[in-house]
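Worksheet: the structure to be examined is printed underneath.
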Amino acid sequence: MTTPRIEFKNVSKSFSGAGQVIPALANVSFKVMPGEFITIIGTSGSGKSTLFNLCVGLLEPDNGEILIDGEQPKKRTGMVGYMPQEDLLLQWRSVLDNVIIPLQIQGIPKREAQQKALKMLPDFGLKKFEHEYPSALSGGMRQRAALLRTWLMGRSTLLLDEPFGALDALTRRELQNWLLRVWHEYGRTVMFITHDVEEAVFLADRVIVLSNQPGEIKSKLRIDLPRPRNQGMIAEPAFYLLVKELLTELGIIHQSTI
Amino acid sequence: MNWRRDIIPPIALITILVVGWYFVAKVSGLSSFILPSPLDAIQAGWETRDQLVNSIGLTLTATGIGILLAITLGVGIAALMDLWPLAHRALYPILVVSQTIQILAIAPILVIWFGFGLTPTVLIVVIFCFFPLAISTADGLTSTRPELIALLHAMGATKRQIWRMVRFPSALPSFFSGLRLAVTYSVVAATIGEWVGGSPGLGLYLLRSKNALATDQVFIAMFITSLLSIILFLLVYSIERLVLPWYYKRRTESWDEIGIY
Numbered sequence: 000m001t002t003p004r005i006e007f008k009n010v011s012k013s014f015s016g017a018g019q020v021i022p023a024l025a026n027v028s029f030k031v032m033p034g035e036f037i038t039i040i041g042t043s044g045s046g047k048s049t050l051f052n053l054c055v056g057l058l059e060p061d062n063g064e065i066l067i068d069g070e071q072p073k074k075r076t077g078m079v080g081y082m083p084q085e086d087l088l089l090q091w092r093s094v095l096d097n098v099i100i101p102l103q104i105q106g107i108p109k110r111e112a113q114q115k116a117l118k119m120l121p122d123f124g125l126k127k128f129e130h131e132y133p134s135a136l137s138g139g140m141r142q143r144a145a146l147l148r149t150w151l152m153g154r155s156t157l158l159l160d161e162p163f164g165a166l167d168a169l170t171r172r173e174l175q176n177w178l179l180r181v182w183h184e185y186g187r188t189v190m191f192i193t194h195d196v197e198e199a200v201f202l203a204d205r206v207i208v209l210s211n212q213p214g215e216i217k218s219k220l221r222i223d224l225p226r227p228r229n230q231g232m233i234a235e236p237a238f239y240l241l242v243k244e245l246l247t248e249l250g251i252i253h254q255s256t257i
Numbered sequence: 000m001n002w003r004r005d006i007i008p009p010i011a012l013i014t015i016l017v018v019g020w021y022f023v024a025k026v027s028g029l030s031s032f033i034l035p036s037p038l039d040a041i042q043a044g045w046e047t048r049d050q051l052v053n054s055i056g057l058t059l060t061a062t063g064i065g066i067l068l069a070i071t072l073g074v075g076i077a078a079l080m081d082l083w084p085l086a087h088r089a090l091y092p093i094l095v096v097s098q099t100i101q102i103l104a105i106a107p108i109l110v111i112w113f114g115f116g117l118t119p120t121v122l123i124v125v126i127f128c129f130f131p132l133a134i135s136t137a138d139g140l141t142s143t144r145p146e147l148i149a150l151l152h153a154m155g156a157t158k159r160q161i162w163r164m165v166r167f168p169s170a171l172p173s174f175f176s177g178l179r180l181a182v183t184y185s186v187v188a189a190t191i192g193e194w195v196g197g198s199p200g201l202g203l204y205l206l207r208s209k210n211a212l213a214t215d216q217v218f219i220a221m222f223i224t225s226l227l228s229i230i231l232f233l234l235v236y237s238i239e240r241l242v243l244p245w246y247y248k249r250r251t252e253s254w255d256e257i258g259i260y
């Protein structure tokens, strides 16, 4: 049997603030298999970002185990690729020098890191922009730069926290297509947080639905749409039935009204 | 910088003021030791040029050493306060108190301790200049966005890498604001030190001119002091533009033409 890239076993996490304990995640268990594309959906406050912060080692769980490639490492930082909601590009570095940050952290000399990054720029639609500062780029390009930075960490699993959340609807669709293409070409494992139901269905092999406070896994929904996906699919009945199922899981369509 | 928009107006205004001063001095008929004309001041400067050049050299030396020490001390204190919260709480009030020390009292004491010469003057420059540097650098270091630190940490960066890649660069704009303030004070601080301590330099030149009622010499020394301060300010500003191109690029980028600044 193949080892899951990431496995959560009964993970719980709560925060204390203002004199009370607020549970963020309760008894969360799931596996992410190699090459899978998982989307995680839930309303705000359902602990989606907490889940990622636990994964990348910014937080420690109160209970439970987090396994990466079948092992429970002492320190999880640096083990999976992570892209937070904002692009968080350093404004004093050019695009090229921003994307090589993870390589520099790993101790690769600057020149060598730049060579490596330059090869990837065309695939990420950033060719000829390598010497621009982030302030000169559009929102979509900044997200792509942030994604390339995550990519160059060289980890087999990527955690993307609402990467397209701040983009306009058209740019978002473009980037969805593009993300699926690079994911397919390079064969990485992706966990992708979103609060957009269509996006969750369109991208995923499986959707994990989190309930609100405390975040518990409400259901896992398999998306059996054929790959490669294309935007035309969103108008097909199969797609819409899945969207409807997801909306029901989220409690937006009530069972009785179906 | 736009030559026509930014350079011409102040120069034009200064010219008008100097010409106005010249006519007031001439027409009023006041004797030159009460109100010397600009020409009198320049002439007095020319006559005492050897002494002036010597004084400028000494004052600039004290200022330069003082600023370098103030940068070391100010940045050092800022780094210490940043790395060690207890030091922050302990030092911050003392920093503020240090700025309330009566310089007229401390300067003679420094002379008593260190004798006539460079040392007391340098120390006064340091006392004047380290404060804006320490405060602005400390503020700059705390202004780093915590999200950036978290991101680099999640990528596996060590504390030192985070410091070098994020903390330090994001503190630079504040550091330079502090340095611009510091160098603007520095020349005046040096002359005050020389004046009160009786150490050779522009301050002593001022003191002697005042005692001899040579008002024209007082004026020329005053101009030279200002000029030196302005040159230092512009020097720091130019270095800043070279070191932080991204900062100025961002600020002049988009809405400059609409005129909302």
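From first to last, the protein sequence lines are chains A and B.
Following numbering that gives the first Met the number 0, the numbering of the first sequence begins with 0 at its first residue and continues without gaps.
Following numbering that gives the first Met the number 0, the numbering of the second sequence begins with 0 at its first residue and continues without gaps.
Glycine included, C-beta positions come from ideal geometry on N, C-alpha and C.
Query	Result
Taking the beta carbon of I134(B) as the centre, do at least 16 other beta carbons fall within 10 Å, making it buried, or is it exposed?	buried
Under 8 Å between C-beta atoms, does A153(B) make it to chain A?	yes
Once DSSP output is grouped into helix, strand and coil, what is the label at Y81(A)?	strand
In chain order, what residues of the stretch 64-81 of chain A put their CB closer than 7 Å to some CB of chain B?	T76, G77, Y81
Less than 6 Å between C-beta atoms, sequence neighbours within five positions excluded: which residues of the same chain meet that for I257(A)?	Any reading at I257(A) must be qualified, since the residue scores a pLDDT of 49, below 50, and its modelled position is unreliable; the value itself is stated next. No residues qualify anywhere along the chain.
Just by C-beta distance, which residues in the stretch 134-158 of chain B are closer than 9 Å to chain A?	R144, E146, L147, A149, L150, L151, H152, A153, M154, G155, A156, T157
Would you tell me roughly how many angstroms separate the C-alpha atoms of E184(A) and L147(A), rounded to the nearest one?	14 Å
Using the beta-carbon of each residue, which ones in chain B are nearer than 9 Å to L166(A)?	The contacting residues do not exist; L166(A) stays about 19 Å from chain B at best.
Mind pulling the chain A residues with CB within less than 7 Å of W245(B)?	Q90, W91, Y132
DSSP three-state call for E215(A): helix, strand or coil?	coil
Quick one: what's got a C-beta closer than 7 Å to D61(A)'s C-beta in the same chain, skipping five residues either side?	S11, K12, S13
For L245(A), count the other beta carbons within 10 Å of its own beta carbon; 16 or more makes it buried, fewer makes it exposed. Which is it?	buried
Could you list the residues in the stretch 12-25 of chain B with a C-beta less than 7 Å from some C-beta on chain A, going in chain order?	none
So which of S27(B), R4(B), P37(B) has the shortest CA-CA distance to T14(B)?	P37(B)
Per DSSP, which one or two residues make a beta bridge with D160(A)?	I192(A)
How many angstroms separate the CA atom of A61(B) from the CA atom of Y246(B)?	32 Å
Go through its chain and collect everything with a Cβ distance to R4(A)'s Cβ below 6 Å, but skip five positions before and after it.	V31, P33, T156, T188
Taking C-alpha atoms, which residue in K73(A), T193(A), P121(A) lies nearest to V206(A)?	T193(A)
So is G56(A) in contact with chain B if we call contact Cβ pairs under 8 Å?	yes
Apart from the five residues just before and just after P101(A), which ones in its own chain have a Cβ nearer than 7 Å to its Cβ?	R148, L151, M152
According to DSSP, simplified to helix, strand and coil, what is V55(A)?	coil
If V235(B) and V182(B) are in contact, beta carbons under 8 Å, what's the gap, nearest whole angstrom?	5 Å
Could you round the C-beta distance between L224(A) and A237(A) to whole angstroms and report it? I think they count as a contact, below 8 Å.	6 Å
Name, please, each residue of chain A whose Cβ falls closer than 9 Å to the Cβ of K248(B).	Y132, S134, A135
Let me know the beta strand (DSSP E) ranges lying completely inside the stretch 126-174 of chain A, each 3 residues or longer, listed in chain order.	156-160
Applying the criterion that 16 or more other CB atoms from any shown protein chain within 10 Å of the CB defines a buried residue, is T157(B) buried or exposed?	exposed
Output yes if chain B places a C-beta closer than 8 Å to the C-beta of M152(A); else output no.	yes
Below 8 Å on C-beta distance, what does E85(A) contact in chain B?	E146
Does the beta-carbon of P84(B) have 16 or more other beta-carbons within 10 angstroms, so that it is buried, or is it exposed?	exposed
Give the interface partners of P101(A) over in chain B, defined as CB-CB distance under 7 Å, in chain order.	M154
So, does the CB of I104(A) fall closer than 8 Å to a CB anywhere in chain B?	yes
For F32(B), is the beta carbon positioned less than 7 Å from some heavy atom of the ligand PLP?	In terms of ligand content, the structure shown is empty, and the ligand PLP therefore cannot be addressed.
What is the C-beta distance between L178(B) and L243(B), in whole angstroms, given that I count them as a contact (C-beta under 8 Å)?	So it is not a contact: roughly 12 Å between Cβ atoms.
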